[in-house]
Amino acid sequence: MKLVWLRNDLRRLDNPALFYACDTQAGVTAVVTLTPQQWQLHSEAPARLALWRDQLIALKADLAELNIGLRVLQLNRFDQVPVALQQLATELKADTVYFNYEYPLNERQRDRQVCAELEAAGVRCLGYHGELIIPPGQVVTGQGGMFKVFTPFSRAWRQQYLQQLPEPLGMPACQPELTPSDRLPDDLGFKALAAALMPYDSQRWPVGETAVHARLNDFIECAVTDYASQRDFPAVDGTSRLSPYLSIGALSPLQCLQCLKVESGSDAWLDSIWMNELIWREFYRHLLVAWPNMSRLEPFRPEVEQRISWQHQPALFDAWCRGETGYPIVDAAMKQLLTTGWMHNRLRMVVASFLTKLLRVDWRLGADFFMAHLIDADFASNLGGWQWAASVGADAAPYFRIFNPQIQSEKFDPDGDFLLHWLPELTDVPRRQRHLPGAGQAMGRPAPIIEYKSARQSALDDYQQRS
DNA sequence: TGTAGGTTCGG
DNA sequence: CGAACCTAC
Numbered sequence: 001m002k003l004v005w006l007r008n009d010l011r012r013l014d015n016p017a018l019f020y021a022c023d024t025q026a027g028v029t030a031v032v033t034l035t036p037q038q039w040q041l042h043s044e045a046p047a048r049l050a051l052w053r054d055q056l057i058a059l060k061a062d063l064a065e066l067n068i069g070l071r072v073l074q075l076n077r078f079d080q081v082p083v084a085l086q087q088l089a090t091e092l093k094a095d096t097v098y099f100n101y102e103y104p105l106n107e108r109q110r111d112r113q114v115c116a117e118l119e120a121a122g123v124r125c126l127g128y129h130g131e132l133i134i135p136p137g138q139v140v141t142g143q144g145g146m147f148k149v150f151t152p153f154s155r156a157w158r159q160q161y162l163q164q165l166p167e168p169l170g171m172p173a174c175q176p177e178l179t180p181s182d183r184l185p186d187d188l189g190f191k192a193l194a195a196a197l198m199p200y201d202s203q204r205w206p207v208g209e210t211a212v213h214a215r216l217n218d219f220i221e222c223a224v225t226d227y228a229s230q231r232d233f234p235a236v237d238g239t240s241r242l243s244p245y246l247s248i249g250a251l252s253p254l255q256c257l258q259c260l261k262v263e264s265g266s267d268a269w270l271d272s273i274w275m276n277e278l279i280w281r282e283f284y285r286h287l288l289v290a291w292p293n294m295s296r297l298e299p300f301r302p303e304v305e306q307r308i309s310w311q312h313q314p315a316l317f318d319a320w321c322r323g324e325t326g327y328p329i330v331d332a333a334m335k336q337l338l339t340t341g342w343m344h345n346r347l348r349m350v351v352a353s354f355l356t357k358l359l360r361v362d363w364r365l366g367a368d369f370f371m372a373h374l375i376d377a378d379f380a381s382n383l384g385g386w387q388w389a390a391s392v393g394a395d396a397a398p399y400f401r402i403f404n405p406q407i408q409s410e411k412f413d414p415d416g417d418f419l420l421h422w423l424p425e426l427t428d429v430p431r432r433q434r435h436l437p438g439a440g441q442a443m444g445r446p447a448p449i450i451e452y453k454s455a456r457q458s459a460l461d462d463y464q465q466r467s
């Protein structure tokens, strides 16, 4: 018997752990570990957990077609996982546990402890890099170190990719006999965890193999060519909207790239801007592995952060969290996040720049807030993005890159469609004035919590200061 | 994956 | 007077 420990890899196709477990036809049981207390410590977003649950429910049925049963271990913290898995392996007489690596420090430590426990009990542990296209450590500089800048990393990454030409794995082999699942209600026992979950728009984020692959194909066939011109407009559905699926592993990045490559029918996919987004994801994961302090919330460039005096003003942070800064584009973006669990990528940059540069609130608070709310929350990409915005990351934005919320709004939501959708109070404000800080105050919108010009100047003075 | 403030050029 | 371009932050 083989055990497959599923985590954020809820898919049958191109799942190395699952594929190789099924290879031997020795009988396979899948297992998940529920650790609500750990989720809380990690600020796991309730919408993301609900998506994960629903994808797991769909996957359970798909696994049954391969004669693979599902066991659910109800635990609390990571430190309870080793013994629980060892006991299950013993009960099922499993000789091997398969899983796909996760890269944050706590997860890696958990996996090390699990493997130690299992191996002490005579059970083999096999890990795979199913979450990445190219495994960590395989894209390095001439000196053998990790790239600190994206562009050369991207060049080396493409070279590596063309050399190896990895192909996604197919459907795992069907097992001789259905292994028994836990007897669980239809919701797999998640009812007890209701407090940790939040409903999300299941029309926008359908789960299950068919729906997820339909979404991928639809994007690649219809939208990827317009991606470069459309992706920056929050009122337009111009992004792939695949990130939640990548986050829970309903899709692998290799499947995304393969789909792009096959559909393009030429070498055009090599120039696709969208491919860059997949490579950014690889970049930040490689970085997380090469540099453990990233998991500990250390900035990549402490010498820059040292110059910054974070303002500890809870009232300002709270106003940002609630979407009541008085800056329409910032507030509309935050309301989109609070209501739907998702925020358009351009707006993530706008609100992150606003929080770190204009309010000068520590980027860690923003990063934690995003983790707690985003349906596509991703530890590595989130840290990378926030450090980028705060100018303390690898290949960070220059410190003087400060977004002007009003200009961003006028440029990327020229008709104010996005603003109106989330801030209907602005309906009667003349079109041109909707972008202004303080717009709609007569209709109950908040006054601006900071004055842009002076806040920008303070940030410049702060970041610029010689040490 | 920026902005401000300048200059130049054409209508 | 605005668009286009340049440069420092």
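Just so we're aligned: 103 in UniProt numbering is position 103 of the first sequence, and the numbers increase by one with no gaps anywhere. Heads up, the beta-carbon is just placed ideally off N, CA and C, and yes, glycines get one too.
Problem - Proximity to PRO446 [Cα-Cα], best of MET334, TYR327, ASP428 and LYS453 - result: The residue you call residue 446 lines up with position 446 of the first sequence. Of MET334, TYR327, ASP428 and LYS453, the residue nearest in Cα terms is TYR327.
Handout entry: Same chain only: Cβ atoms within 8 Å of ALA156, ignoring 5 sequence neighbours per side
Key = As a first step, residue 156 is located in the first sequence; it is residue number 156 there, counting from the start. Closer than 8 Å at Cβ, skipping near neighbours: VAL139, VAL140, THR141 and PHE147.
Problem - Given ALA195 as reference, the closest of GLN465, LEU337 and GLN37 once Cα atoms are compared - result: Sequence index remark: in the first sequence, residue 195 carries index 195 (1-based). If we check each option's Cα against that of ALA195, GLN37 comes out closest.
Exercise for the section: Pick helix, strand or coil for ALA89, following the three-state DSSP scheme. Expected result: Numbered from 1 along the first sequence, position 89 holds the residue referred to as residue 89. Looking at ALA89 - three-state DSSP - the assignment turns out to be helix.
Exercise for the section: Would you list, in sequence order, the uninterrupted alpha helix (DSSP H) runs of no fewer than 4 residues that lie entirely inside the region 379-455? Expected result: 379-389, 405-412 and 417-422
Practice task
Counting only the same chain and skipping the five closest in sequence on each side, list residues whose C-beta sits under 7 Å from that of ALA377.
Solution key: If you number the first sequence from 1, residue 377 lands on position 377. So the list reads ALA45, ARG48, SER247, PHE370 and MET371, once near-sequence residues are dropped.
Practice task
Have a look at the DSSP bridge pairing and note the partners of VAL32.
Solution key: The count along the first sequence starts at 1 and reaches residue 32 at position 32. VAL72.
Handout entry: Beta-carbon gap between GLN159 and PHE300 smaller than 7 Å
Key = By one-based count along the first sequence, residue 159 stands at place 159. By one-based count along the first sequence, residue 300 stands at place 300. It is not a contact, given that the beta carbons lie outside the stated cut-off.
Exercise for the section: Look at the alpha carbon of ASN404 and the alpha carbon of ALA352, and state the distance between them as a whole number of angstroms. Expected result: In the first sequence, the residue the question calls residue 404 occupies position 404. In the first sequence, the residue the question calls residue 352 occupies position 352. Going from the Cα of ASN404 to the Cα of ALA352 covers about 12 Å.
Exercise for the section: Could you check what DSSP says for TYR98 in three-state terms: helix, strand or coil? Expected result: Residue mapping note: residue 98 aligns to position 98 of the first sequence, counting from 1. Three-state result, TYR98: strand.
Problem - The beta strand (DSSP E) enclosing LYS191, as first and last residue numbers - result: Taking the first residue of the first sequence as 1, we reach residue 191 at position 191. Run containing LYS191: none; DSSP gives neither H nor E here.
Practice task
Spatial neighbours of GLN175 within its chain, please: CB distance less than 7 Å, with the 5 preceding and 5 following residues excluded, ordered by chain position.
Solution key: Residue mapping note: residue 175 aligns to position 175 of the first sequence, counting from 1. Contacts found: CYS22, GLN25, GLY27, VAL28, LEU66, ASN67 and ILE68.
Problem - Beta-carbon spacing of MET253, ILE133 below 7 Å - result: Walking along the first sequence from the start, residue 253 turns up at place 253. Walking along the first sequence from the start, residue 133 turns up at place 133. A small fix is needed here, since residue 253 is Pro in this sequence, not Met. Yes, the Cβ-Cβ distance between PRO253 and ILE133 is below 7 Å.
Practice task
Please list, in chain order, all residues of the same chain as TRP269 whose beta carbon is under 7 Å from its beta carbon, the five residues on each side excluded.
Solution key: By one-based count along the first sequence, residue 269 stands at place 269. Excluding positions up to five away in sequence, the list reads LEU260, LYS261 and MET275.
Problem - Contact belief for LEU178 with VAL72 at Cβ below 8 Å, rounded distance in angstroms - result: Here the question's residue 178 lines up with position 178 in the first sequence. Here the question's residue 72 lines up with position 72 in the first sequence. That belief does not hold up - the Cβ atoms of LEU178 and VAL72 are roughly 17 Å apart, past 8 Å.
Practice task
For LEU355, I'd like the list of residues in its chain whose CB is within less than 6 Å of its CB, leaving aside the five on either flank, ordered along the chain.
Solution key: Locating residue 355 in the first sequence gives position 355, where the first residue counts as 1. Result list for LEU355: TRP320, VAL361 and GLY366, in chain order.
Practice task
Note down, in chain order, each residue of its chain lying with its Cβ closer than 6 Å to the Cβ of LEU337, except the 5 sequence neighbours on either side.
Solution key: Start at 1 with the first residue of the first sequence, and residue 337 comes out as number 337. The beta carbon of LEU337 is closer than 6 Å to those of MET343 and HIS373 in its chain, skipping five residues each way along the sequence.
Problem - alpha helix (DSSP H) segments (min. 4 residues) lying fully within the region 100-146 - result: Every unbroken stretch of the alpha helix (DSSP H) spanning 4 or more residues and falling wholly within the region 100-146 is given here in chain order: 105-120.
Exercise for the section: Can you tell me which of the three DSSP states VAL4 falls into? Expected result: Translated into the one-based positions of the first sequence, residue 4 becomes position 4. If DSSP states are grouped into helix, strand and coil, VAL4 belongs with the strands.
Problem - Cβ-based burial, SER467 [other Cβ within 10 Å; buried from 16] - result: For this step, residue 467 is matched to residue 467 along the first sequence. Since pLDDT at SER467 reaches only 43, below the 50 mark, its modelled position is unreliable, and no value is offered.
Handout entry: Where the alpha helix (DSSP H) through GLU282 begins and ends
Key = What you label residue 282 is simply residue 282 of the first sequence in a count that begins at 1. GLU282 -> alpha helix (DSSP H) spans 273-290.
Exercise for the section: Go ahead and pull the three-state DSSP assignment for LEU246. Expected result: As a first step, residue 246 must be located in the first sequence, where it is residue number 246. If DSSP states are grouped into helix, strand and coil, LEU246 belongs with the helices.
Problem - Proximity winner among ASP461, PHE219, TRP422 and ILE220, relative to THR339 (alpha-carbon distances) - result: Locating residue 339 in the first sequence gives position 339, where the first residue counts as 1. Ranking ASP461, PHE219, TRP422 and ILE220 by Cα distance to THR339 puts TRP422 first.
Problem - Alpha-carbon to alpha-carbon, GLN255 and LYS93 - result: To locate residue 93, count along the first sequence from 1; it is residue 93. To locate residue 255, count along the first sequence from 1; it is residue 255. The alpha-carbon atoms of LYS93 and GLN255 are separated by roughly 33 Å.
Handout entry: Residue from LEU105, GLU102 and LEU85 with nearest C-alpha to ARG124
Key = As a working mapping, residue 124 is identified with position 124 in the first sequence. Checked all of LEU105, GLU102 and LEU85; the closest Cα to ARG124 is LEU85.
Exercise for the section: Check whether the region 216-227 touches the region 73-83, counting contact only when three or more Cβ pairs, one atom from each stretch, lie closer than 8 Å. Expected result: no
Handout entry: SER467 - DSSP class collapsed to helix/strand/coil
Key = For this step, residue 467 is matched to residue 467 along the first sequence. Unreliable placement is indicated for SER467, whose pLDDT of 43 sits below 50; the coordinate value is still reported in the next sentence. When DSSP states are grouped into helix, strand and coil, SER467 belongs to the coil group.
Exercise for the section: Tell me whether ASN293 is buried or exposed, calling it buried when 16 or more other Cβ atoms sit within 10 Å of its Cβ. Expected result: Position 293 of the first sequence holds residue 293. Looking at its Cβ environment, which holds fewer than 16 other Cβ atoms inside 10 Å, ASN293 is exposed.
Practice task
Could you say which of GLN163, ASP9 and PHE19 lies nearest to GLU102 if we only look at CA atoms?
Solution key: Here residue 102 corresponds to residue number 102 of the first sequence, with the count starting at 1. Per the Cα distances, ASP9.
Exercise for the section: Please work out which residues of its chain come closer than 6 Å, Cβ to Cβ, to GLN399, disregarding the five sequence neighbours upstream and downstream, and give them in chain order. Expected result: Here residue 399 refers to the residue found at position 399 when the first sequence is read from its first residue. Here residue 399 is Tyr; the residue named in the question, Gln, does not match the sequence. Correct list, in chain order: SER391 and TYR463.
Exercise for the section: Output yes or no for whether 7 Å exceeds the beta carbon distance between LEU51 and TRP205. Expected result: Here residue 51 refers to the residue found at position 51 of the first sequence. Here residue 205 refers to the residue found at position 205 of the first sequence. Yes. Within cutoff.
Practice task
List the endpoints of the continuous alpha helix (DSSP H) containing TYR20.
Solution key: In the first sequence, residue 20 corresponds to position 20, counting from 1. TYR20 -> alpha helix (DSSP H) spans 16-23.
Handout entry: Residue environment, GLN465, which counts as buried when at least 16 other CB atoms sit within 10 Å
Key = The residue given as residue 465 occupies position 465 in the first sequence. Exposed, by the Cβ-count rule.
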